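*Asks:*
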Ligand code: NAD
Ligand code: DAU
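Below, the structure is given as structure tokens:
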């Protein structure tokens, strides 16, 4: 039985990862450590909350005592660090919390894991590993051709991606300096169930259903490389099990789409399945995001060759599955878009 300390497990990808792991394996124990910020939601974990191999602890990854206590009370084998402030727009209006959580929080976890796993000078208990869940945004932006490889120099532009690049560098530093066993995965844009509706796909879906304007930044021709969330979870699982110590693995499915294509796909889906009065007239081109990265594209050859990973869900299937999930889970959407979300939306979009 291996014990995974999963941080940020009440967020979008973290909760999908926990569900994926507990459905797949009987011999893993998961301790979900989440501060339950606006982005964390225990509703996501209803299907596993009574699983004897699952435990939730509400704690902040910056809180030394709280994290230490978890290590004192459990034999943790892996740390899987999802916890982060994850939204680029929020990082532009309020960068400080991104440094706090993404950089200082990660360093706190590294310090505690390193001490707990230590068996001597730069030696550690067998089989332990710190897995950092990172992003393609640390590489910056691409022109019309080429892909991000693991060897591409880091060149982040937003406060969010800068904080993620900084935390990646600390994880690497703990490997290079103290020989702490680590891996880093850098994944492209995820989509799927439980994504908070500040992100493009669930935001456009929700606005279309509510007959609100559909805000498209700039010319809408920015390109993102979309991956169904379970394929990201599968990659993380494979890297934790078989990844070579110290290595970075890029994760992506060669599924690049301009934003305007995504928006039109969602409108079409709702038009065909829910409400024939919606249409492209609802699209509103608004002021561009500051420093907006033009194109992301991952080269996933390393994880394919080294570990045999491949994406199982193609975009055409994944997007329909995702949009259907949002339609079938309108109570979840209503819960997360009440209260604070309305204030956020007003503030973020009023001048656009
Ligand atoms: P999310 O915003 O949906 O969830 C983040 C979770 O972290 C929430 O549950 C929140 O409560 C928790 N959290 C925030 N601050 C915390 C703190 N100080 N202590 C403990 N918990 C805290 O994010 P997501 O989209 O699920 O992303 C998860 C991770 O994956 C992030 O590290 C992100 O950088 C990375 N990532 C995301 C994507 C994507 O497309 N969403 C792609 C690649 C990598
Ligand atoms: O690439 C991985 C990253 O993907 C992750 O590291 C981040 O955590 C995650 O938030 C995501 O970042 P993006 O900025 O790419 O995602 P977002 O959904 O915010 O935006 C996707 C694209 O859509 C981006 O080019 C901006 C654009 N956009 C977004 C919103 C919210 C719009 O045009 N209108 C909008 O209202």
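Numbering (the numbering used here), first residue to last: 2 to 353.
By construction, the Cβ of each residue, glycine as well, lies at the ideal position given by its N, Cα and C atoms.
Being a predicted model, the structure only gives us computed values, none of them experimental.
For residue 31 and residue 45, which I take to be in contact (beta-carbon distance under 8 angstroms), what is that distance rounded to the nearest angstrom?
*Replies:* Wrong, their Cβ atoms sit about 13 angstroms apart, outside the cutoff.
*Asks:* Determine which residues share a DSSP beta bridge with residue 258 and list them.
*Replies:* Answer by DSSP bridge pairing, in chain order: 225.
*Asks:* May I ask whether a heavy atom of the ligand NAD can be found less than 8 angstroms away from the beta carbon of residue 111?
*Replies:* no
*Asks:* With respect to the beta strand (DSSP E) encompassing residue 152, which residues constitute its N-terminal and C-terminal limits?
*Replies:* Premise fails: residue 152 is in no beta strand (DSSP E) and is neither H nor E.
*Asks:* Buried or exposed for residue 103, please, with buried defined as at least 16 other CB atoms from any protein chain shown within 10 angstroms of its CB.
*Replies:* Burial call: buried.
*Asks:* Check whether the Cβ atoms of residue 141 and residue 82 sit closer than 9 angstroms, and answer yes or no.
*Replies:* no
*Asks:* Tell me the rounded alpha-carbon separation between residue 36 and residue 59.
*Replies:* 5 angstroms
*Asks:* Look up residue 13 in the DSSP assignment and say whether it is helix, strand or coil.
*Replies:* helix
*Asks:* Which class does residue 216 belong to by DSSP, given the choice of helix, strand or coil?
*Replies:* strand
*Asks:* Which residues in the same chain as residue 232 place their Cβ atom closer than 7 angstroms to its Cβ, once the five residues preceding and following it in sequence are excluded?
*Replies:* 254, 312, 313, 314
*Asks:* Please say whether residue 351 and residue 288 have beta carbons closer to each other than 9 angstroms?
*Replies:* no
*Asks:* Kindly list the residues whose CB is nearer than 7 angstroms to the CB of residue 248, restricted to its own chain and excluding five residues on each side of it in sequence; keep chain order.
*Replies:* 184
*Asks:* Less than 9 angstroms separating the beta-carbons of residue 3 and residue 28?
*Replies:* yes
*Asks:* Measuring CB to CB, does residue 115 end up less than 9 angstroms from residue 215?
*Replies:* no
*Asks:* Provide the residue span of the alpha helix (DSSP H) that contains residue 27, from first to last.
*Replies:* Residue 27 -> no alpha helix (DSSP H), and no H or E assigned at all.
*Asks:* Regarding residue 191 and the ligand NAD, is the C-beta to nearest heavy atom distance less than 8 angstroms?
*Replies:* yes
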